[in-house]
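Participant: Quick one: this structure, given as structure tokens, is what I'll be asking you about.
In structure tokens, the structure reads:
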């Protein structure tokens, strides 16, 4: 049975704190693109967008990136909008959990094709087991577990919203 690590209230508090941190680093900007890794990263980006719109005048755009998390080189990486819209923009790539860094590493790839103003990464849970050179700019919660442990984030159901360890 999964163990609750962050309750619904704690999860919302972490996301709200992340929104304030993002705004502190972008308060001089007018626009910001949040790009969520499907599917839980996109749910997190949606919640972050909601909080940013409550606390800041930023125009916050929500986009997504779809990647084959098991074999990222075997399938195309698909952005929800053409790559050109991100040109010279501030972008935050968002995922729910950073395990080895593999998903985030490959999800960054499309953005190397164009000039951008700033590209940062955000995760709700950082597991600190990196096999790839990814260090998130924004972290909601850091967690040291065994490699066999599994961290699940539920953001698509308000009733079960939270972070679980199994």
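Numbering (the numbering used here), first residue to last: 4 to 169.
Here a beta-carbon is modelled for each residue, glycine too, at the ideal position from N, C-alpha and C.
1) In the DSSP assignment, the beta strand (DSSP E) including residue 13 goes from what residue to what residue?
2) In the DSSP assignment, what residue or residues form a beta bridge with residue 56?
3) Here's the rule: buried if 16 or more other CB atoms are within 10 angstroms of the residue's CB, otherwise exposed. What is residue 73?
4) Cβ atoms of residue 17 and residue 165: under 8 Å apart, would you say?
5) State the Cα-Cα distance for the pair residue 57 and residue 87, rounded to the nearest angstrom.
6) Closest to residue 92 by C-alpha separation, out of 63, 70 and 106, would be which residue?
Facilitator: Taking the coordinates as given:
1) Per DSSP, residue 13 belongs to no beta strand (DSSP E); it is in the alpha helix (DSSP H), 11-29.
2) DSSP output for residue 56 lists no bridge partner at all.
3) exposed
4) no
5) 28 Å
6) 63
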